[in-house]
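For the sequence shown, my numbering begins at 313 and goes up steadily by one.
Where a beta carbon is used, it is the ideal one built from N, C-alpha and C, also for glycine.
Note that the coordinates shown come from a computational prediction; the quantities given were computed from them, not determined experimentally.
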Amino acid sequence: MDLVARFASLVSRPGAELPLDEVALVMSAHARAPFDIAEGLARLDDLALGCGETTFDALAGHLFGAVGFRGNTARYDDPDNSFLDQVLERRVGIPITLAVVMIEVGRRLGVGVLGIGMPGHFLVRAADADVYCDPFNGGTLLDSDGCAALFHRVAGGAQPFDAAFLAPATALQILKRMFANLEHGPFANDPVRLGALLDLHLMIPSLGSAERLSLGAQLANVGRFADAARVLEAGASQSMESKALLRQARTYRARLN
């Protein structure tokens, strides 16, 4: 099975059955260069085997202490920070990819780890306790007040903190956020790699109108006007925003004339 077909098969599974580790590695292999995905999965297995205790705190200490995973503060915008295979190899990344490492190693150990899609800074939380972890900053453990303080530091005080920011993210939501980080980062100026990412992103089921408009605009930016129009037209019959989608689709089709 080729990478595109494999990705499509994985994201078609029910949300609770979506293997976040495998789908993230397939995304990396398709957008960067093919590699042995089984080897990437084995690295996660090895990280789990090296953790002496099966608790949330011990897992954080193992990954961000003993093993040395850390946030890439020197080159935050490096696209490799967003690719799971590179994060596993270099042991540096951004909040969301470091969170995926903790989620997936925790799953192997039977330690429940939830992704927390706080705006501006992804976190994780223990599934059975009100304890949070900041993978980017050394695996620091936080309570909800600590998360609020971190949010204010990241947001600069411009936006009030909302407890809803600490709601758990689904595997699909995490995957979409990983795509968005890449599509609006340095890859936005690389038509070939951006196009490869967009082709996968569009396979995710239940895309909303705002997502379709954004993806359509990015396809248009790399000159794929017919594809951009089809993306919007495909969602028009399922959306309350059908008029806006169809209007923008007509704009893209006009560029083909």
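Under the DSSP assignment, residue 564 falls in the alpha helix (DSSP H) whose first and last residues are 554-566.
The alpha-carbon separation between residue 448 and residue 535 amounts to approximately 36 Å. Distance from residue 322 to residue 341 at the Cβ level is roughly 12 Å; contact not present, criterion being Cβ atoms closer than 8 Å.
For a cut-off of 8 Å, the C-beta gap from residue 433 to residue 407 is around 5 Å, short enough to register as a contact. By the criterion of a C-beta distance shorter than 7 Å, residue 554 is surrounded in its chain by 548, once the five residues flanking it on both sides are discounted. Shown here for residue 529: not one same chain residue has a beta carbon closer than 7 Å to its own, the five before and five after excluded. An exposed status is given to residue 455, since fewer than 16 other beta-carbon atoms sit within 10 Å of its beta-carbon. Per DSSP, reduced to three states, the secondary structure at residue 446 is strand.
In this structure, residue 537 sits away from residue 513, with a CB-CB distance that is not shorter than 8 Å. Remark: C-beta atoms of residue 557 and residue 521 approach each other more closely than 8 Å.
In this chain, the beta strand (DSSP E) harbouring residue 454 covers 452-454. Distance from residue 427 to residue 436 at the Cβ level is roughly 6 Å; contact confirmed, criterion being Cβ atoms closer than 8 Å. Look at the segment 353-385 and you find these whole runs of alpha helix (DSSP H), each 4 residues long or longer: 368-373.
In this chain, the beta strand (DSSP E) harbouring residue 428 covers 425-428.
The alpha carbon of residue 397 has as its nearest neighbour, out of 335, 457, 468, 531, the alpha carbon of 335. The three-state secondary structure of residue 480, taken from DSSP, is strand.
In the DSSP assignment, residue 435 falls within the beta strand (DSSP E) that extends over 435-438. Looking at the backbone, the Cα of residue 459 and that of residue 441 are separated by about 15 Å. Rounded to whole angstroms, residue 421 and residue 360 show a C-alpha spacing of 6 Å. Taken through DSSP and simplified to helix, strand or coil, residue 417 comes out as helix.
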